[in-house]
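Numbering-wise, the numbering used here puts 271 at position 178 of the sequence shown, and it's gapless, one number per residue. Glycine included, every Cβ here is placed at the ideal spot set by N, Cα and C. First up is the structure itself, then whatever we jot down about it.
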Amino acid sequence: MNQRSILVDPELDRRFFLSDGRTISYREYGALNGRVVLALHGTPGSRLKYKPAHIAAGTRGLRIISPDRWGYGFTQAPRTRSLSFYSDDIIEFTKALGVASFSVVGISGGAPFAAVLAAEMPEYVVKLALVSPVGRVAEKHLSKADIYSKYPLRRFHRFCFLSLPRVPGATRIFFWLYRLAMIIAPAHAVKIAIAGSSISDKRAMSSVESRHTLGKTFAAGLQNGVLGPIIDLNLFAVDWDFDIKKIRSSTKLWIGEDDLNVPIGSVLALARDISGATLLVINKQGHFWISENFSDVLDWIAGIETTR
94 MNQRSILVDP
104 ELDRRFFLSD
114 GRTISYREYG
124 ALNGRVVLAL
134 HGTPGSRLKY
144 KPAHIAAGTR
154 GLRIISPDRW
164 GYGFTQAPRT
174 RSLSFYSDDI
184 IEFTKALGVA
194 SFSVVGISGG
204 APFAAVLAAE
214 MPEYVVKLAL
224 VSPVGRVAEK
234 HLSKADIYSK
244 YPLRRFHRFC
254 FLSLPRVPGA
264 TRIFFWLYRL
274 AMIIAPAHAV
284 KIAIAGSSIS
294 DKRAMSSVES
304 RHTLGKTFAA
314 GLQNGVLGPI
324 IDLNLFAVDW
334 DFDIKKIRSS
344 TKLWIGEDDL
354 NVPIGSVLAL
364 ARDISGATLL
374 VINKQGHFWI
384 SENFSDVLDW
394 IAGIETTR
């Protein structure tokens, strides 16, 4: 039997202990001995995010390693929290797993963490896939009279990415209330999460199954607290502490034209500023288009020709 046709156990929770004693929790999906894809979830999210891609990854000979990011699930955060420091954790993590090279996927809030890996680990990262990504939204970028002025931040974006992190305790209260809703009424909590999304997204999340999957992903990430989204929003509110011009990996970005969850201007700016990056704007799709189209991103990583 072809070793790449053997699938990993998608239900197995795994732990890795860093040299400083902290834990990284993760799951694996796809082919046991496939080409490695490090897949980072959004805000909020968890190691369960890529479970729907399990079979698709396996048939393409890909092995997805999906860690909980800092503060989510069972992954512990360091005292020093910066995007550049995140790459140090992943260097230790991947070396211990015996991974010599890999591709990286970052969905939504996972995109900045994926980008720093490509910038700081160029000898390891083969391809960088940024899906519905959170781009650079610090004030220094917004003040530029370029793409950002043509596509200004919505009030929702300013609230989440700029205002909320600046008010002491506000992010913690916001996500504690959301976590409480996930515990008491998970189905209703998921509806809250998509309430302000586009019509395209509401259509993508219209089935009970899709909402249930999203809810389980959120719940697993927030089960031990809300430090994860607090760290995320604090890091998103300031300038990234690495140079994206150092990214040399083959890079592709996907953004739905109807996406209301992330600032479109910041995505266009990322595509412009990452050397050789390809941008695909998807018609009549929103932030959650990936939930039905994991195969499009996996095809690109696997080198399979695709229109998307």
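Output yes or no for whether 9 angstroms exceeds the beta carbon distance between Pro205 and Lys144. The sequence position of residue 205 within the sequence shown is 112, counting from 1. The sequence position of residue 144 within the sequence shown is 51, counting from 1. No, Cβ-Cβ distance for Pro205 and Lys144 is not below 9 angstroms.
Tell me, which residues are paired with Ala124 by DSSP? Counted from its first residue, the sequence shown places residue 124 at position 31. Answer is Leu100, bridged to Ala124.
Buried or exposed: which applies to Asn376, given that a residue is buried once 16 or more other Cβ atoms fall within 10 Å of its Cβ? Residue numbering aside, residue 376 sits at position 283 when the sequence shown is read from its first letter. With fewer than 16 other Cβ atoms within 10 Å, it is exposed.
Output yes or no for whether 9 angstroms exceeds the beta carbon distance between Leu307 and Ser384. In the sequence shown, the residue the question calls residue 307 occupies position 214. In the sequence shown, the residue the question calls residue 384 occupies position 291. Yes, they are a contact pair.
Thr371 in three-state terms, based on DSSP: As a first step, residue 371 must be located in the sequence shown, where it is residue number 278. Looking at Thr371 - three-state DSSP - the assignment turns out to be strand.
For the alpha helix (DSSP H) containing Val390, name the first residue and the last one. If you number the sequence shown from 1, residue 390 lands on position 297. Taken as a continuous stretch (DSSP letters only), the alpha helix (DSSP H) holding Val390 covers Phe387 to Ala395.
First through last residue of the beta strand (DSSP E) which encompasses Leu346: Residue numbering aside, residue 346 sits at position 253 when the sequence shown is read from its first letter. Leu346 -> beta strand (DSSP E) spans Ser343 to Gly349.
Entirely within the segment 279-348 and at least 4 residues each: give me those alpha helix (DSSP H) ranges in chain order. 279-287, 292-297, 301-315 and 320-329
With H, G and I counted as helix, E and B as strand and the rest as coil, what does DSSP make of Thr187? Counting from 1 along the sequence shown, the entry for residue 187 is found at position 94. Three-state result, Thr187: helix.
Note down, in chain order, each residue of its chain lying with its Cβ closer than 6 angstroms to the Cβ of Ile196, except the 5 sequence neighbours on either side. Residue numbering aside, residue 196 sits at position 103 when the sequence shown is read from its first letter. Looking at the sequence provided, one finds Ser at residue 196 rather than Ile. Only Val130, Val219, Lys220 and Ile394 meet the Cβ criterion.
On a Cα-Cα basis, can you pick out the residue from Ala208, Phe387, Pro171 and Ala146 that is closest to Asp366? Locating residue 366 in the sequence shown gives position 273, where the first residue counts as 1. The residue with the shortest Cα to Cα distance from Asp366 is Ala208.
Taking the Cβ atom as the reference point for each residue, do Asp351 and Asp294 lie within a distance shorter than 9 angstroms? Locating residue 351 in the sequence shown gives position 258, where the first residue counts as 1. Locating residue 294 in the sequence shown gives position 201, where the first residue counts as 1. In this structure, Asp294 lies closer than 9 angstroms to Asp351 by Cβ.
Should Pro205 be flagged as near chain B, meaning a C-beta pair shorter than 9 angstroms? Structure shown: chain B not included; a single protein chain is present.
Let me confirm a value: Pro245 is counted as buried when at least 16 other C-beta atoms fall within 10 Å, else exposed. Which label applies? As a first step, residue 245 must be located in the sequence shown, where it is residue number 152. The residue is exposed, with fewer than 16 neighbouring Cβ atoms inside 10 Å.
If you measure from the CB of Ile324, is any heavy atom of the ligand PLP nearer than 8 angstroms? The ligand PLP is not part of the structure shown, which contains no ligands of any sort.
Assign Ala132 to one of three DSSP states: helix, strand, or coil. As a position in the sequence shown, residue 132 is number 39, starting the count at 1. Ala132: strand per DSSP, three-state reduction.
Compare the Cα-Cα distances from Leu100 to each of Leu326, Gly379 and Gly127 and report the closest residue. In the sequence shown, residue 100 corresponds to position 7, counting from 1. For Leu100, the nearest C-alpha among the options comes from Gly127.
Per-residue burial, Trp142 [other beta carbons within 10 Å of its own, 16 or more giving buried]: Along the sequence shown, read from residue 1 onward, the residue named residue 142 stands at position 49. The question names Trp, but residue 142 is Lys in the sequence shown. It counts as buried.
Excluding the five sequence neighbours on either side, which residues of its own chain have a C-beta within less than 6 angstroms of the C-beta of Val465, listed in chain order? The requested residue 465 is not part of the displayed model; the chain covers only 94 to 401.
Provide the residue(s) that pair with Phe195 in DSSP beta bridges, ordered along the chain. In the sequence shown, the residue the question calls residue 195 occupies position 102. BP columns for Phe195 point to Val218.
Distance check for Lys243 and Asp106, CA to CA, integer angstroms please. Taking the first residue of the sequence shown as position 1, residue 106 is located at position 13. Taking the first residue of the sequence shown as position 1, residue 243 is located at position 150. Taking the straight line from one Cα to the other gives about 44 angstroms.
Helix, strand or coil at Phe178 [DSSP, three-state]: Taking the sequence shown and counting its residues from 1, one reaches residue 178 at position 85. Here Phe178 sits in helix by DSSP.
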